[in-house]
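Working notes, beginning with the structure itself.
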Amino acid sequence: MPIPTPDLCDAHPDEVQIVEPLFQHFGGRRAFAGPMATVKVFEDNVLVRARLETPGQGRVLVVDGGGSRRCALLGDKLATFARDNGWAGALIFGCIRDSVEIARIDVGVMALCPHPKKSAKLGAGQQDLPVTFGGVTFRPGHWLYADADGVIVAPRPLSTSA
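This is how it looks when you write it as C-alpha cells:
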C-alpha cells in the first residue's frame, strides 16, 4: 500500500508538486504509485492502448488528453490490459468509459469524468515527453502518488523516514 499523500507532503514539502484536485477515482485500486510514463493525445486512444499492452513494471501511465470531455480515452478493455501487464495505474487528463466495470478491476484509474463515446483510432500523438496539466509538469521516470486525498509528483521515490 503506498504511503498516504498527506504524509509524503509533510515529509517532503519542498520536493513534491501537488496536482490540482481535478480527478476522480474510477479503478478498483484507490491508492497507487510508481514511476511515470507519458503519452500526449487528443480524442485518440491508439497510443494509450499501445502503451498499456506493454509491460508496465509498476509504472503509472499519465495521459495528457488535453482535458477533452468529448470522448473517452480508456475503457474496461484498456484497464484490463493495464492490470494484466503490471501497470500500477493511469491518470487521464480526459475521460474514461465503462466506469462500472473499471471499478471492479484491480488497477488505479483516475480521470476527469466518464463519457460513453469511444475515441478516434488514428494513432496521432506523442509519448515519453514531459506533459503539463493540473498545475504540474509530469516527467517520464519521475514518481506519481495517488490516493483519496489527491495526486502528487516527485522527482524520485519518497518515503516518510528520514
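Residue numbers (the numbering used here): 59 to 220.
All C-beta atoms, glycine included, are put in the ideal place defined by N, C-alpha and C.
Note that the structure is predicted; figures quoted are calculated from it, not measured.
Problem set entry | Unbroken beta strand (DSSP E) run spanning Ala137, endpoints | Along the sequence shown, read from residue 1 onward, the residue named residue 137 stands at position 79. No beta strand (DSSP E) holds Ala137; the alpha helix (DSSP H) holding it covers 134-142.
For this session: Counting only runs of 3+ residues fully inside the stretch 76-149, write out the beta strand (DSSP E) ranges in chain order.
Result: 90-98, 118-122, 130-132
Exercise. Who pairs with Leu202 in a beta bridge, going by DSSP?
Worked result: One-based indexing of the sequence shown puts residue 202 at position 144. DSSP, once it has assigned bridges, lists Gly92, Val211 as partnering Leu202.
Problem set entry | Distance between Arg109 and Thr138 (C-alpha atoms, nearest Å) | Your numbering for residue 138 matches position 80 in the sequence shown. Your numbering for residue 109 matches position 51 in the sequence shown. If I take the Cα positions, the gap works out to 13 angstroms.
For this session: Would you identify the three-state DSSP class for Thr63, choosing helix, strand or coil?
Result: One-based indexing of the sequence shown puts residue 63 at position 5. In the structure shown, Thr63 sits in a helix (DSSP, three-state: H, G or I).
For this session: Out of Pro60, Val211, Asp142, point me to the one whose CA is closest to Leu149's CA.
Result: Here residue 149 corresponds to residue number 91 of the sequence shown, with the count starting at 1. Among Pro60, Val211, Asp142, the Cα nearest to that of Leu149 belongs to Val211.
Exercise. Is DSSP giving Ala182 helix, strand or coil here?
Worked result: The residue given as residue 182 occupies position 124 in the sequence shown. Three-state DSSP puts Ala182 in coil, outside helix and strand.
For this session: Return the CA-CA distance between Ala130 and Ser217, expressed in angstroms with no decimal places.
Result: On the sequence shown, position 72 is the one that residue 130 refers to. On the sequence shown, position 159 is the one that residue 217 refers to. So the two alpha carbons sit approximately 34 angstroms from each other.
Exercise. Can at least three beta-carbon pairs, one atom from the stretch 159-175 and one from the stretch 185-192, be found at a separation below 8 angstroms?
Worked result: no
For this session: With DSSP collapsed to three states, give me the class of Ile154.
Result: Mapped onto the sequence shown, residue 154 falls at position 96. Strand.
Exercise. Opposite Pro172 in the DSSP bridges: which residues?
Worked result: In the sequence shown, residue 172 corresponds to position 114, counting from 1. Pro172 is bridged to Ile154.
Exercise. From this set, Ser219, Asp207, Gly192, which residue's C-alpha is nearest Val120's C-alpha?
Worked result: Counting from one through the sequence shown, the residue named residue 120 turns up at place 62. Out of Ser219, Asp207, Gly192, Gly192 has the C-alpha closest to the C-alpha of Val120.
Problem set entry | Cβ pair Pro215, Met94 closer than 8 angstroms | For this step, residue 215 is matched to residue 157 along the sequence shown. For this step, residue 94 is matched to residue 36 along the sequence shown. Cβ atoms of Pro215 and Met94: not closer than 8 angstroms.
For this session: Might you give, ordered along the chain, the residues of its own chain that have their beta carbon closer than 6 angstroms to the beta carbon of Asp134, omitting 5 neighbours on each side?
Result: Counting from 1 along the sequence shown, the entry for residue 134 is found at position 76. Result list for Asp134: Asp156, Glu159, Ile160, in chain order.
Exercise. Would you report the Cα separation of Ser177 and Phe151, rounded to the nearest angstrom?
Worked result: By 1-based counting over the sequence shown, the position of residue 177 is 119. By 1-based counting over the sequence shown, the position of residue 151 is 93. So the two alpha carbons sit approximately 14 angstroms from each other.
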